[in-house]
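Trainee: Take a look at the following structure, please.
Numbering (our numbering), first residue to last: 1 to 199.
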């Protein structure tokens, strides 16, 4: 079910990226060519444009679909199917609750995992308090919020920013663990910086 939702979102994004913004799409078992239905093209002075030019103009705006992939405005996007198949959901249970991450490229990735309660109210300017258990499944497929700071961040900011990210191999062979603490001199920084991707 989750893979179907991801596939649907990818399809919506692809259709939304069409150059005319109207989300044109043709669905076919083999290959549907929009140029077959191209209307006559005329120049402003009323003279007709040659068939070759009409075909070229129509081909520039083709949106075709076949079993090998999808074309959007003439660009091959057959790797989209591989991307959807390549990244799947993965669940794990922790002492504080269940996490939903992604499995991709031989890694299980969990982002934005809260390790402490938000430092608000009586908790402000104090040592972090352990994270209470949560009910349900926590979506750990995206980075958590960045802490408030006076500099631009790659992510949204919030006081609920005490999160960590985990990248682990899909096999269960014991491996060394590396812990990376981002810098910033207690003035700036965040775990959501794309440069810190553990893959």
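For each residue, glycine too, the CB sits at the ideal point set by N, CA and C.
Remember, predicted model here, so these are calculated numbers, not experimental data.
Classify residue 177 as buried or exposed, calling it buried when 16 or more other Cβ atoms lie within 10 Å of its own Cβ.
Mentor: It counts as exposed.
Trainee: Where DSSP assigns a beta bridge to residue 116, which residues make up the other side?
Mentor: Paired residues: 130.
Trainee: Quick check: what's the CA-CA separation for residue 151 versus residue 189?
Mentor: Computed Cα separation, rounded: 9 Å.
Trainee: Tell me the DSSP secondary structure of residue 121 in three-state form.
Mentor: Three-state result, residue 121: helix.
Trainee: Identify whether residue 203 lies in helix, strand or coil by the three-state DSSP scheme.
Mentor: It is not possible to answer for residue 203, since the shown part of the chain is limited to 1 through 199.
Trainee: By how many angstroms is the C-alpha of residue 134 removed from the C-alpha of residue 87?
Mentor: Rounded to the nearest angstrom, the two C-alpha atoms are 26 Å apart.
Trainee: Since residue 109 sits in a beta bridge, which residues does DSSP pair it with?
Mentor: 102, 167.
Trainee: Is DSSP giving residue 188 helix, strand or coil here?
Mentor: Here residue 188 sits in coil by DSSP.
Trainee: Does the CB of residue 172 have a neighbour CB from chain C at under 9 Å?
Mentor: Here chain C cannot be found, since the structure has a single protein chain.
Trainee: Can you grab the Cα-Cα spacing for the pair residue 118 / residue 144, in whole Å?
Mentor: Those two C-alpha atoms are separated by around 12 Å.
Trainee: To the nearest angstrom, how far is the alpha carbon of residue 104 from that of residue 160?
Mentor: Their backbone Cα atoms lie some 27 Å apart in a straight line.
Trainee: Find the nearest neighbour of residue 128 within the set 91, 115, 148, 137, judged by alpha-carbon distance.
Mentor: Considering only alpha carbons, the answer is 115.
Trainee: Just the Cα atoms here: how many angstroms apart are residue 139 and residue 120?
Mentor: Rounded to whole angstroms, residue 139 to residue 120 spans 22 Å at the Cα level.
Trainee: According to the neighbour-count rule (16 or more other Cβ atoms, all chains shown, within 10 Å of its Cβ), is residue 146 buried or exposed?
Mentor: Buried is the call here.
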